[in-house]
Structures are given as structure tokens and as C-alpha cells.
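Q:
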Amino acid sequence: MEFKIGPKSYEIKFNYNAMFKANKEYSDIDKAGNSMNNGAANLFMRLISNDDTVLFDILKLYVDKKVTDERVLDAVDALTDGGKKIDEIHTELVEELKNSGFFSRAIESYKKTIEDGLEMLKKKDQTEDNENNIMAVERQLTLLNENL
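The sequence shown runs 28 to 175 under our numbering.
1) Going by beta carbon distance, what residues of the same chain come within less than 8 angstroms of Gly131, once the five residues before and after it are set aside?
2) Can you tell me where the beta strand (DSSP E) holding Ile32 begins and where it ends?
3) What do you reckon, are the CB atoms on Asn174 and Ile39 nearer than 7 angstroms?
4) Starting from Ala35 and walking both ways along the beta strand (DSSP E), at which residues does that stretch end?
5) I need the straight-line Cα distance from Val170 to Ser36, nearest angstrom please.
6) Taking Asn77 as the reference, which of Leu120, Gly60, Ile161 and Ile141 has the closest Cα?
7) Please return the same chain residues whose Cβ sits closer than 6 angstroms to the Cβ of Phe129, not counting the five positions on each side in sequence.
8) Under 7 angstroms, do Val99 and Lys87 count as touching if we go by C-beta distance?
9) Given a cut-off of 7 angstroms, decide if Leu148 and Phe30 are closer than it, judged by their beta-carbon atoms.
10) Buried or exposed: which applies to Asn50, given that a residue is buried once 16 or more other Cβ atoms fall within 10 Å of its Cβ?
11) Cα-Cα, which of Tyr89, Ala59, Val103 and Val164 is closest to Thr80?
Right under this line is the structure:
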């Protein structure tokens with residue numbers, strides 16, 4: 028998939044470079060301030076959750092730091108034909124992520140982490156907060172399984 032900013036064309040490739048940048052820019056941070064290196068999986072989860080703002084973040088992986096946010100936002104508008112092709116673009120990106128060796132491995136690792144976390148949550152004392160957390164993690168895992 029390609030997009031343009033001004034006269035320059037960019038190709039969206041979910042290769043090692045993109046995974047590295049995604050993990051650097053979009054990973055969660057643990058309580059100790061360490062990166063969880065799950066940015067690649069986070070992009071996938073946001074796509075399958077129909078978070079339209081993820082398109083901006085994906086395009087940002089491919090452009091120079093000098094390119095303004097406004098120009099990237101314009102590129103999202105152009106790529107999605109003003110939003111008319113948003114579902115088509117989401118679907119295509121999900122498939123490309125699943126077919127990328129680097130991203131699919133990161134997504135599978137993320138899934139395993141979620142499954143392990145769910146097991147730990149179920150072993151804890153069952154408070155209302157914990158039950159809500161279990162339900163949220165189960166929904167996330169179901170969404171992930173439905174889209175793999």
C-alpha cells in the first residue's frame with residue numbers, strides 16, 4: 028500500500044524497520060518506566076478495534092521527522108478517500124500485518140502475554156475491580172482470536 032505526501036510516495040511495508048519503530052514509539056511503559064516492546068502488537072489491536080487514529084500512527088512510521096502532523100493527517104484523508112474507504116484500508120492493513128513475519132510474531136507474543144496475564148488475574152482474590160479487569164482482558168483476547 029502506498030500513500031503520498033506532496034510529490035513524495037511512501038510504501039507501507041510491515042518489515043523489521045517498521046516493527047522496530049512501532050515498538051520504539053507506541054509501546055506501553057511498565058510501572059518501572061521500561062518499554063514493554065509491544066508497540067507493533069498495539070497497532071494491530073488498535074486496527075482490529077476500529078481505532079481510526081491508528082492510521083496516523085502507522086503513516087508516521089514511514090515519514091521523515093520533518094514532515095508535519097498536518098501533512099500526515101492530509102495523507103490519511105487522501106488514503107481513505109475522505110473516510111469513504113476507511114473499512115477497506117483497515118482490512119488491508121490487518122491482513123498485511125498478519126502476513127508480516129515480524130509483526131505476526133510480535134502479535135503472537137502479545138497474545139501469549141495476555142493469556143498468561145489472564146491466568147494470573149483469575150488466581151487473584153475476586154474483587155469487583157479484578158472481575159472487571161478479567162472481563163476486559165477476556166474481551167481483548169476474544170477480539171484478538173477473532174482476527175488472527
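Glycine included, C-beta positions come from ideal geometry on N, C-alpha and C. None of the values given here were measured: they were computed from a predicted structure.
A: Well, looking at it:
1) Counted from its first residue, the sequence shown places residue 131 at position 104. Looking at the sequence shown, residue 131 is not Gly but Ser. In the same chain as Ser131, and ignoring 5 residues on each side of it, the C-beta atoms closer than 8 angstroms to its own belong to Leu124 and Lys125, in chain order.
2) Along the sequence shown, one-based indexing puts residue 32 at 5. Its beta strand (DSSP E) spans residues Glu29 to Ile32.
3) If you number the sequence shown from 1, residue 174 lands on position 147. If you number the sequence shown from 1, residue 39 lands on position 12. No; because the gap between Cβ atoms is not below 7 angstroms, this pair is not in contact.
4) Numbered from its first residue, the sequence shown carries residue 35 at position 8. For the sequence presented, residue 35 should be read as Lys rather than Ala. Run containing Lys35: Lys35 to Glu38, per the beta strand (DSSP E) assignment.
5) Looking up residue 170 in the sequence shown gives position 143. Looking up residue 36 in the sequence shown gives position 9. Rather than Val, the amino acid found at residue 170 in this sequence is Leu. Using only the alpha carbons, I get a separation of about 33 angstroms.
6) Translated into positions along the sequence shown, residue 77 becomes position 50. If we check each option's Cα against that of Asn77, Leu120 comes out closest.
7) Here residue 129 refers to the residue found at position 102 of the sequence shown. Excluding positions up to five away in sequence, the list reads Tyr43 and Met46.
8) Translated into positions along the sequence shown, residue 99 becomes position 72. Translated into positions along the sequence shown, residue 87 becomes position 60. Cβ distance < 7 angstroms, so Val99 and Lys87 count as in contact.
9) As a working mapping, residue 30 is identified with position 3 in the sequence shown. As a working mapping, residue 148 is identified with position 121 in the sequence shown. No, the pair does not count as a contact, with Cβ atoms beyond the cut-off.
10) Walking along the sequence shown from the start, residue 50 turns up at place 23. Asn50 comes out buried.
11) By one-based count along the sequence shown, residue 80 stands at place 53. Among Tyr89, Ala59, Val103 and Val164, the Cα nearest to that of Thr80 is on Val103.
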